[in-house]
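Participant: The structure under discussion is supplied below as structure tokens; questions concerning it will follow.
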Amino acid sequence: MFDIPRSLPARPGVGYKPQHYADLLADPAPVAWLEIHAENYMGDGGRPLAQLRALSERFPISVHGVGLSIGGEAPLDRDHLARLKHLLGWLDPASFSEHLAWSTHDGAFLNDLLPLPYTDATLNRVCRHIDEVQEVLGRQMLLENPSSYLAFEDSTWEEPAFLREIARRTGCGLLLDVNNVFVSATNLGYAPQDYIDRYPLEAVGEIHVAGHDTDTDDRGAVLLIDSHGAPVADPVWALLDLTLQRSGPRPVLVEWDTDVPDWPVLAAEAARVDQTIALVAP
Numbered sequence: 009m010f011d012i013p014r015s016l017p018a019r020p021g022v023g024y025k026p027q028h029y030a031d032l033l034a035d036p037a038p039v040a041w042l043e044i045h046a047e048n049y050m051g052d053g054g055r056p057l058a059q060l061r062a063l064s065e066r067f068p069i070s071v072h073g074v075g076l077s078i079g080g081e082a083p084l085d086r087d088h089l090a091r092l093k094h095l096l097g098w099l100d101p102a103s104f105s106e107h108l109a110w111s112t113h114d115g116a117f118l119n120d121l122l123p124l125p126y127t128d129a130t131l132n133r134v135c136r137h138i139d140e141v142q143e144v145l146g147r148q149m150l151l152e153n154p155s156s157y158l159a160f161e162d163s164t165w166e167e168p169a170f171l172r173e174i175a176r177r178t179g180c181g182l183l184l185d186v187n188n189v190f191v192s193a194t195n196l197g198y199a200p201q202d203y204i205d206r207y208p209l210e211a212v213g214e215i216h217v218a219g220h221d222t223d224t225d226d227r228g229a230v231l232l233i234d235s236h237g238a239p240v241a242d243p244v245w246a247l248l249d250l251t252l253q254r255s256g257p258r259p260v261l262v263e264w265d266t267d268v269p270d271w272p273v274l275a276a277e278a279a280r281v282d283q284t285i286a287l288v289a290p
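What the sequence shown shows, in this note's numbering, is residues 9 to 290, in sequence order.
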């Protein structure tokens, strides 16, 4: 059996970047919690871990993994799981999450979050891997919806129903990335509002927003890329508004991982999140 960890506050969070360390200690408002990528902190020491220890004394921490390959056909990497367990053991974060994706093949790590067909076989494999992760870590994990650029012909589940069934079978929570919903809906030609209507919001422990880039495919159609390297777009803000109106207050993270701006820009994005959460607070 696993533990459900203490929860994040229903306030804005940001992805931690070392260049913002002094700003966070001096004046973090309105940021109430931080996210780190697990794989950046699996070493044995040095400045990154020292800074993380100091920040964890002032902020709840969410640990976001990118390397477990939850959807992969191969068994989970036990060494990776052991290093992850060690990190979570001493840090004791408020949340741990991973992606509905695969990223390994024949022992190689592909450095990408690749999509899955939504079939019964995939469902069984993902649930088996999540059960293993939660048993080894001794805690609940959250599973994030992907950004999609194609759909599989052999998929027999819609994504919201697929995620609902995973949460039901495993007891995991869900991480709802609103930008991913908007990117996928635009690329695959469905309404993002309809996705939110069908999504199991009761299982959501964390929400993400981020920026994306706009490109075109070979036919000249709009193609959105989940880049995490730009301000949150207005339609994504609108989708966050809709989501929070239906879910109530939730922890909301601003992700910005490439072309990272100076602190005032990121803090302004967090302030926008704070205003949105306040509108739905009881």
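Positions of the beta carbon are idealized from the N, C-alpha and C atoms, including for glycine.
1) Taking its Cβ as the centre, do 16 or more other Cβ atoms sit within 10 Å of A175, making it buried, or is it exposed?
2) State the start and end residues of the unbroken alpha helix (DSSP H) segment that holds H137.
3) What three-state label does DSSP hand G181 in the structure shown?
4) Which residue wins for smallest C-alpha separation from L209, given the options V191, L57, P168 and A218?
5) Report the rounded CA-to-CA distance for I138 versus T194, giving the unit in angstroms.
6) Skipping 5 residues on each side, what residues in its chain have a beta carbon closer than 8 angstroms to that of T222?
7) With DSSP as the reference, label D282 as helix, strand or coil.
8) Would the region 178-187 and the region 210-217 be scored as touching if the rule is three or more Cβ pairs under 8 angstroms?
9) Does the separation of the CB atoms of G256 and V288 fall below 7 angstroms?
10) Helix, strand or coil: how does DSSP classify F190 here?
11) Determine which residues share a DSSP beta bridge with W245 and list them.
12) By the DSSP assignment, the alpha helix (DSSP H) with Q98 in it spans what residues?
13) Less than 7 angstroms between the C-beta atoms of V141 and G79, yes or no?
14) Is L96 buried or exposed, if buried means 16 or more other CB atoms sit within 10 Å of its CB?
15) Whole-angstrom Cβ separation of P123 and S70, contact assumed at under 8 angstroms?
16) Near A116, what residues of its chain come up, given a Cβ to Cβ distance below 6 angstroms and the 5 sequence neighbours on each side ignored?
17) Along the chain, which unbroken stretches of the beta strand (DSSP E) at least 3 residues long are found entirely within the region 222-276?
18) Is L274 closer than 7 angstroms to V22 when the C-beta atoms are compared?
19) Determine the extent of the alpha helix (DSSP H) in which I204 is found, giving its start and end residues.
20) Taking only three categories from DSSP, how would you classify P168?
21) Can the beta-carbon of H220 be found less than 7 angstroms from the beta-carbon of V260?
22) Have a look at T251, V39, T127 and T130 and flag the residue whose alpha-carbon is nearest the alpha-carbon of Y24.
23) Among A109, M50 and S64, which one has its Cα closest to the Cα of R91?
24) Is it true that the CB of E106 sits closer than 7 angstroms to the CB of L76?
Facilitator: So, from the data block:
1) Taking the sequence shown and counting its residues from 1, one reaches residue 175 at position 167. Buried.
2) Along the sequence shown, one-based indexing puts residue 137 at 129. Residues D128 to L145.
3) As a first step, residue 181 must be located in the sequence shown, where it is residue number 173. Judged by DSSP in its simplified three-state form, G181 adopts strand.
4) Here residue 209 refers to the residue found at position 201 of the sequence shown. It is P168 whose Cα lies nearest to the Cα of L209.
5) Numbered from its first residue, the sequence shown carries residue 138 at position 130. Numbered from its first residue, the sequence shown carries residue 194 at position 186. Taking the straight line joining both Cα atoms gives about 29 angstroms.
6) Taking the sequence shown and counting its residues from 1, the one referred to as residue 222 is at position 214. In the same chain as T222, and ignoring 5 residues on each side of it, the C-beta atoms closer than 8 angstroms to its own belong to V230, L231, L232 and I233, in chain order.
7) Taking the sequence shown and counting its residues from 1, the one referred to as residue 282 is at position 274. The answer is helix: DSSP assigns D282 an H, G or I state.
8) Enough Cβ pairs lie closer than 8 angstroms, so yes.
9) The residue you call residue 256 lines up with position 248 of the sequence shown. The residue you call residue 288 lines up with position 280 of the sequence shown. In terms of Cβ geometry, G256 and V288 form a close pair [threshold 7 angstroms].
10) Taking the first residue of the sequence shown as 1, we reach residue 190 at position 182. The three-state reading of DSSP puts F190 in helix, counting H, G and I together.
11) Position 237 of the sequence shown, counted from the first residue, corresponds to residue 245. Under DSSP, W245 forms no beta bridge with any residue.
12) As a working mapping, residue 98 is identified with position 90 in the sequence shown. As written in the sequence, residue 98 is Trp, which differs from the Gln given in the question. Per DSSP, W98 belongs to the alpha helix (DSSP H) from R86 to L99.
13) By 1-based counting over the sequence shown, the position of residue 141 is 133. By 1-based counting over the sequence shown, the position of residue 79 is 71. No.
14) As a position in the sequence shown, residue 96 is number 88, starting the count at 1. With 16 or more other Cβ atoms within 10 Å, it is buried.
15) As a working mapping, residue 123 is identified with position 115 in the sequence shown. As a working mapping, residue 70 is identified with position 62 in the sequence shown. Contact between P123 and S70 is ruled out by a C-beta separation of about 24 angstroms, above the 8 angstroms threshold.
16) If you number the sequence shown from 1, residue 116 lands on position 108. Because the pLDDT at A116 is just 48, under 50, the model does not fix this residue reliably, and the value given afterwards should be weighed accordingly. Same-chain partners within the cutoff: there are none.
17) Within the region 222-276, the complete beta strand (DSSP E) runs of at least 3 residues are 230-233 and 260-263.
18) Translated into the one-based positions of the sequence shown, residue 22 becomes position 14. Translated into the one-based positions of the sequence shown, residue 274 becomes position 266. Yes, they are a contact pair.
19) Taking the sequence shown and counting its residues from 1, one reaches residue 204 at position 196. Its alpha helix (DSSP H) spans residues P200 to R206.
20) Here residue 168 refers to the residue found at position 160 when the sequence shown is read from its first residue. P168 falls in the helix class under three-state DSSP.
21) Along the sequence shown, read from residue 1 onward, the residue named residue 220 stands at position 212. Along the sequence shown, read from residue 1 onward, the residue named residue 260 stands at position 252. No, these two residues do not count as a Cβ contact at 7 angstroms.
22) On the sequence shown, residue 24 is found 16 positions in, with the first residue counted as 1. The shortest Cα separation from Y24 among T251, V39, T127 and T130 belongs to V39.
23) Walking along the sequence shown from the start, residue 91 turns up at place 83. Measuring C-alpha to C-alpha distances from R91 to each of A109, M50 and S64 identifies M50 as the nearest.
24) One-based indexing of the sequence shown puts residue 76 at position 68. One-based indexing of the sequence shown puts residue 106 at position 98. Cβ atoms of L76 and E106: closer than 7 angstroms.
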